[in-house]
Structures are given as structure tokens and as C-alpha cells.
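Visitor:
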Amino acid sequence: MLHWLNSLLPWRKTAARPHPNVAPTTLSDTQQTLPARAFDDFFRVVELSEAEFFAGELFRRRFATNTFPCNPKHFVAFYKSRDGSCLPMGYVHYEMWNQQAMAGGLVIDERAWRLLPALERSLIREHGGVAELLMKQSITQLPAHTLAVWAYIGDQLSEKVNFRVGFRATGEQYIWALWKQELSLSEKDAWLKQVVEYGPF
74 MLHWLNSLLP WRKTAARPHP NVAPTTLSDT QQTLPARAFD DFFRVVELSE AEFFAGELFR
134 RRFATNTFPC NPKHFVAFYK SRDGSCLPMG YVHYEMWNQQ AMAGGLVIDE RAWRLLPALE
194 RSLIREHGGV AELLMKQSIT QLPAHTLAVW AYIGDQLSEK VNFRVGFRAT GEQYIWALWK
254 QELSLSEKDA WLKQVVEYGP F
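When you line the sequence shown up against the working numbering, it's residues 74 to 274, in that order.
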């Protein structure tokens, strides 16, 4: 993982580049005809304590806010170009509470998505898409003692994505759960009641 983290700071190796939004074009035809890369060579989800540096602008634009979450566990999805530079593709965070992980803040950068080569966009889609990959890979990095992951879902597209991830509706409006541990139905019901009392997240 360290080689990926080092590559997140491309200015250590190369001259500064303009922000990709300055020139919204995909890679050149020459680059797109290079040999195909393995999926794990260009896409990765990384937990970062300083996620605001990479995803703060995206988060604030999507949620129309001037703030950024301070306390949760932060995860950023990155696309790694052939020159080693990394482009943030999405963000999600988890508030850890009583061995529960409360998912929130999921956002995908559609502007960045359009910059990727067509072949690698296609490969990402084949693996489920950025949102599904971000959720799946971030959940695997949560603490092993996590009992369940909870999501507050209010639209059909998010329902479809998170169903593929493993979330299931709970019967409470908007609240979905992905159980990480084997619990009895009564235990699950008890946790659900506590999550309802916890409120929107």
C-alpha cells in the first residue's frame, strides 16, 4: 500500500500539473492504445486521515456546504494514471459508534470520471462502478470487530448500488444494514432501534 500512498503526492517526482478540470479531455489516443493494465494497477480505495486535501472540494460542491467532516474514518477512491499521478474519483466516510459503522457522505466525481480512458472506464464498470467499488473496498478496511454497517438511503439508484454491496432494507424508512457479524434476529432488532434513535447520518 505504501507505493500507492507515495504516488498520491506526484509532485515529489514530477513537475506540477494543471488541475484536470482545467483541460477536461481524456488521455491521448496514443496512451489509450498502450497495453491494457490490470485493474488493481489503476484503481484503489485508500483510508486517509487527511482526506479533505484530496476530496474536500468534491464533498463541498456535492453537498453545497463550506464544511468537511472532522471525526469519521475517511476513504477516497483513486484512479492512477500511467505517469503515476493519482486522480480522486470518490469519497465516503464512516462514523464509528458502539461497534457500528455509520456510512455517509458518499460522492462520486463525474468530472474526473470523464477524464479516464474509455477502456479503463469500461473495466471499472465491469467491476461494478466507482460507487460500488468504493463502498465494498472501504467496508473491508473497517475494524474487524464492527458488528454492522448502516446506510441512510433515499433514492433508487443508491438502493441498487448498495444492494449489490450487501446492504439490505431494515423495514425502517431509509435505513439499510449490512451485517458483519452473526447476530440473532432479536439482537439485530435491538440494534436497529438504537440506530433509529441515533437519527439521520
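For each residue, glycine too, the CB sits at the ideal point set by N, CA and C.
(1) Which word fits residue 266, buried or exposed, when buried means at least 16 other C-beta atoms lie within 10 angstroms of its C-beta?
(2) Counting only the same chain and skipping the five closest in sequence on each side, list residues whose C-beta sits under 7 Å from that of residue 175.
(3) Would you give the residue range spanned by the beta strand (DSSP E) that residue 148 belongs to?
(4) Quick one: what does DSSP say residue 92 is sitting in, helix, strand or coil?
(5) Mind checking residue 107: buried by the 16 CB within 10 Å criterion, or exposed?
(6) To the nearest angstrom, how far is the alpha carbon of residue 192 from that of residue 186?
(7) Can you name the start and end residues of the alpha helix (DSSP H) that residue 255 belongs to?
(8) Cβ atoms of residue 204 and residue 234: under 7 Å apart, would you say?
(9) Rounded to whole angstroms, what's the CA-CA distance from residue 126 to residue 236? Just pull it up for me.
(10) Round the Cβ separation of residue 31 and residue 181 to the nearest angstrom and send it over; I've been treating them as touching at under 8 Å.
(11) I'd like to know if residue 148 contacts chain B, where contact means its C-beta is closer than 7 Å to some C-beta of that chain.
(12) Work out the CA separation of residue 124 and residue 178 for me, nearest whole Å.
Guide: Short version:
(1) Residue environment for residue 266: exposed (fewer than 16 other C-beta atoms within 10 angstroms of its C-beta).
(2) Cβ neighbours of residue 175 beyond the five flanking positions: 167, 168, 223 and 274.
(3) Going by DSSP, residue 148 is part of the beta strand (DSSP E) stretching over 146–153.
(4) With a pLDDT of 44 at residue 92, under the threshold of 50, the predicted position of this residue should be treated as unreliable, and no value is reported.
(5) It counts as exposed.
(6) The straight-line gap separating the alpha-carbon atoms of residue 192 and residue 186 is approximately 12 Å.
(7) Careful: residue 255 lies outside any alpha helix (DSSP H) and carries neither H nor E.
(8) The answer is yes: Cβ separation under 7 Å.
(9) Answer to the nearest angstrom: the Cα atoms are 30 Å apart.
(10) Since the first residue of the chain shown is 74 and the last is 274, residue 31 is not available in this structure.
(11) This model lacks chain B altogether, as it is built from one protein chain only.
(12) Taking the straight line from one Cα to the other gives about 12 Å.
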